[in-house]
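First up is the structure itself, then whatever we jot down about it.
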Amino acid sequence: MNITEQRIKRLISHFHLSDMDLDDSVVLRFMPGELILQEGRDMEYFLLVVSGKAKVCSASADGKDFLLCYYISEGIIGDVELMTGSHIANATIRAVTEFICIGLPYRKYEEKLKQNLLFVNDIGRELASKLLRSSKKSVITALHSCEERLCAYILFTEQEGFFLETLADTAKSIGASYRQTFRIINTLCRDGVIRKEDRVYRIVDRGELLSRTPDFYLE
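So for the sequence shown, full-length UniProt numbering puts the first residue at 1; every next one is plus one.
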């Protein structure tokens with residue numbers, strides 16, 4: 001996927017950064033499965049998302065990952081850290097599809113970004129939106145079955161009609177046991193919704209998969 005200079009300028013303008021000296025900004029491209037941020041580690045870049053999907057997870061005390069959300073298309077990574085004055089990533093972010101960002105060296109641009117009132121307003125709206133989505137998802141996730149969460153996860157992470165995630169990672173991401181996840185995968189295969197091909201799964205009946213997914217997960 002090519003990223004044009006015009007697209008970069010449009011994104012920078014969208015976040016009211018056109019008047020800033022961004023000579024040290026870089027375009028970063030992550031491939032599926034590649035680590036973007038590691039929870040607990042120093043942040044090198046503040047990121048403006050150009051395109052792609054990435055899963056955002058937080059680790060529990062016992063070392064298990066819990067899926068928080070996805071960044072899809074445009075967005076900001078590092079807004080929480082910026083506004084709390086932290087240089088440490090508060091979540092782990094990993095690319096699901098090819099993921100493209102504009103990276104601003106965090107320590108160099110930190111104060112400049114905070115002094116940009118229009119940008120800070122953008123940050124406020126972004127954080128408010130994330131809070132609302134997170135609160136709503138926490139409630140709805142608690143009310144939906146493992147099968148519904150798994151179907152949503154398959155749709156979010158699919159790549160050209162294939163589900164490539166391991167069952168172990170999938171179970172951790174949707175908050176289910178490996179045994180539950182394995183059983184539901186087998187049910188989806190038996191019902192003709194997906195089909196196992198070697199070590200991956202092909203989506204066979206997308207309509208049925210969608211029907212088993214809560215609408216909220218597709219917003």
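Each residue gets a CB set at the ideal place from its N, CA and C atoms; glycine is no exception. Predicted, not measured: the structure shown is a model, and the values here were computed from it.
What residues in its chain sit with their C-beta under 7 Å from that of residue i, if we drop five residues either side in the sequence?
| i | result |
| --- | --- |
| Arg-202 | Gly-161, Phe-162, Ile-194, Arg-195 |
| Asp-205 | Gly-192, Val-193 |
| Ile-153 | The amino acid occupying residue 153 in the given sequence is Tyr; Ile does not appear at that position. Only Thr-170, Ser-173, Ile-174 meet the Cβ criterion. |
| Leu-189 | Reading the sequence as shown, one finds Cys at residue 189 and not Leu. Correct list, in chain order: Arg-195, Lys-196. |
| Leu-209 | Cys-151, Ile-154, Leu-155, Val-193, Ile-203 |
Which residue wins for smallest C-alpha separation from residue i, given the options the options?
| i | options | result |
| --- | --- | --- |
| Ser-81 | Cys-101, Asn-116, Leu-127, Leu-28 | Note on residue identity: the sequence assigns Glu, not Ser, to residue 81. Checking every option, the nearest Cα to that of Glu-81 belongs to Leu-127. |
| Ser-86 | Cys-101, Leu-118, Gly-40 | Gly-40 |
| Ile-12 | Glu-208, Leu-104, Lys-53 | Leu-104 |
| Arg-94 | Leu-48, Asn-116, Leu-35, Cys-151 | Leu-35 |
| Val-49 | Gln-38, Gly-207, Asp-79, Ile-88 | Asp-79 |
| Pro-145 | Leu-167, Ala-168, Ser-177 | The residue asked about is misnamed: residue 145 is Ser in this sequence, not Pro. Answer by Cα proximity: Ser-177. |
| Phe-99 | Glu-147, Ile-76, Gly-52 | Gly-52 |
| Met-83 | Thr-97, Leu-22, Tyr-106 | Tyr-106 |
Tell me the rounded alpha-carbon separation between residue i and residue j.
| i | j | result |
| --- | --- | --- |
| Thr-32 | Lys-114 | Sequence check: residue 32 is Pro here, not Thr. Pro-32 and Lys-114: Cα-Cα distance of roughly 32 Å. |
| Asn-186 | Phe-30 | 32 Å |
| Phe-182 | Val-56 | 23 Å |
| Leu-118 | Leu-143 | 38 Å |
| Leu-167 | Arg-149 | 14 Å |
| Ile-77 | Glu-5 | 21 Å |
| Leu-22 | Ile-102 | 10 Å |
Which residues bound the beta strand (DSSP E) around residue i?
| i | result |
| --- | --- |
| Glu-197 | 194-197 |
Which same chain residues, not among the five before or five after residue i, have their C-beta less than 8 Å away from its C-beta?
| i | result |
| --- | --- |
| Glu-165 | Tyr-153, Thr-157, Ser-173 |
| Asp-18 | Just to set this straight, residue 18 is Ser in the shown sequence, not Asp. Contacts found: Lys-9, Ile-12. |
| Glu-44 | Gly-103, Pro-105, Tyr-106 |
- Message: Just to confirm the assignment: which complete beta strand (DSSP E) runs, minimum length 3, are found wholly within the UniProt domain "Cyclic nucleotide-binding" (1-113)?
- Response: 26-30, 35-37, 45-51, 53-59, 65-72, 75-77, 92-95, 99-105
- Unbroken beta strand (DSSP E) runs of length 3 or more, entirely within the segment 141-209: which are they? 194-197, 200-203
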